[in-house]
Amino acid sequence: MRSLCQVLQVSRSAYYDWQHRGVDGRRLALRSRIRELHQESRGAAGSRTLSALLKVEGKVVGRYLARRLMKEGGLESCQPDAHRYRRYPE
């Protein structure tokens, strides 16, 4: 273990602390809720919008945490193009 930690440039105490750390249930719940809200917006909601929507629900989430959770979930916001009316020749 010592050589592996040296190669990765991580202290052994940090590795063992990470290994024994439990799963954060709040973070998992937020990640799933962010995924739901992102799907409801058809992929248009970004981190600012998602943090505002969660704030309305009573969950305090900053935009940077929302951005990090989006990145962990592989979510990206993409704005739909503006609808353009075509002119047909008469």
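In this text, residue positions in the sequence shown follow our numbering: the first is 946, and each later residue adds one. Cβ atoms here follow ideal geometry from the backbone N, Cα and C, with glycine treated the same way. The model shown is predicted, which means the values in this text are computed figures rather than measured ones.
- Taking 4 residues as the shortest admissible run, the stretch 967–1019 contains the following complete alpha helix (DSSP H) segments, listed from N- to C-terminal end: 970–985, 992–1001 and 1008–1018.
- Residue 1032 sits in coil when the DSSP states are folded into three classes, being neither helix nor strand.
- CA-to-CA, the gap between residue 985 and residue 979 works out to about 10 angstroms.
- Relative to residue 1020, the option among 981, 961 and 949 whose CA is nearest is 981.
- When DSSP states are grouped into helix, strand and coil, residue 1026 belongs to the coil group.
- Around the CB of residue 1006, 16 or more other CB atoms lie within 10 Å, so the residue is classed as buried.
- Residue 991 sits buried, since 16 or more C-beta atoms from the chains shown fall within 10 Å of its C-beta.
- Distance from the CA of residue 998 to the CA of residue 1034, rounded to the nearest whole angstrom, comes to 45 angstroms.
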